[in-house]
Each structure stands twice: as structure tokens, then as C-alpha cells.
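Participant: First the structure, then my questions, so here it is.
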Amino acid sequence: QEPEAIIVAPTRELICQIFLEARKFAFGTCVRPVVVYGGVSTGHHIREISRGCNILCGTPGRLLDMIGRGKVGLQKLRYLVLDEADRMLDMG
């Protein structure tokens, strides 16, 4: 799957809040947001991504994992949002 937008946040709690807001904005449209983060089985995330996603929200580690496994393509990516980028840089 190749999302048009990827939103990255440093923590599971923050990315879940962002995802819930994205769902509200996408309600009633053909836009489908998906969230991926650690602590949940990768199989679940892979199934959700394979069903299609326009906006992919995730934590850095799980996003890198999904991209590394070839489950997420970046060819159609138009927008990259880094929430709390300074905090993620501090974390490494």
C-alpha cells in the first residue's frame, strides 16, 4: 500500500490521538487513515494497511518496520508530518 500522507509522532498515546482526529476529518469521505505502533501484533497492522490507507499514522519504530518489510511504499507520498520532531531527535 502507498499512502499519500504519513504522520509520525514519538509515542503511542500521541499517535492514537492524532489518528482519532484524522478519522473524524475523514468520516464520510473516501480517505482512510490507518495507525501503526509498537505493542500491537504486526499481523494486525499489516492487515489494516493491506485494506488500503491514504493517511498512515505511526510511531517511528513501527513505521520503519512496515517500510522495511515492504508493506508500505513511498512512491505516492506527498505529505510527511513530523509531530514533536525535536523530541524524536532527542530520543535518537
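The numbering of the sequence shown is the UniProt record's numbering, which starts it at 1 and goes up by one.
For glycine and all other residues, C-beta sits at the position ideal for the given N, C-alpha and C.
These numbers were taken from a predicted model, which means no experiment stands behind them.
State buried or exposed for residue 73, treating a residue as buried only when at least 16 other CB atoms are found within 10 Å of its CB.
Facilitator: Exposed, since its Cβ has fewer than 16 Cβ neighbours within 10 Å.
Participant: What do you get for residue 30, buried or exposed, if any count of 16 or more other CB atoms within 10 angstroms of its CB means buried?
Facilitator: Exposed, since its Cβ has fewer than 16 Cβ neighbours within 10 Å.
Participant: What alpha helix (DSSP H) runs, 4 residues minimum, are completely inside the UniProt domain "Helicase ATP-binding" (1–92)?
Facilitator: Taking only runs of at least 4 residues, the alpha helix (DSSP H) segments lying wholly in the UniProt domain "Helicase ATP-binding" (1–92) are 12–26, 42–50, 60–68 and 85–91.
Participant: Taking just the CA atoms, how far does residue 5 sit from residue 62?
Facilitator: Distance between the alpha carbons of residue 62 and residue 5 is about 16 Å.
Participant: With distances taken from CA atoms, which of 27, 47, 26 and 28 is nearest residue 36?
Facilitator: When only C-alpha atoms are compared, the closest one is 47.
Participant: Below 8 Å on the Cβ atoms is my contact criterion, and I expect residue 1 with residue 50 to pass it. Report the Cβ-Cβ distance as a whole number of Å.
Facilitator: The Cβ separation is near 6 Å, so the contact holds.
Participant: Taking just the CA atoms, how far does residue 89 sit from residue 20?
Facilitator: Between residue 20 and residue 89, the C-alpha separation is close to 25 Å.
Participant: Among 54, 85, 58 and 77, which one has its Cα closest to the Cα of residue 27?
Facilitator: For residue 27, the nearest C-alpha among the options comes from 54.
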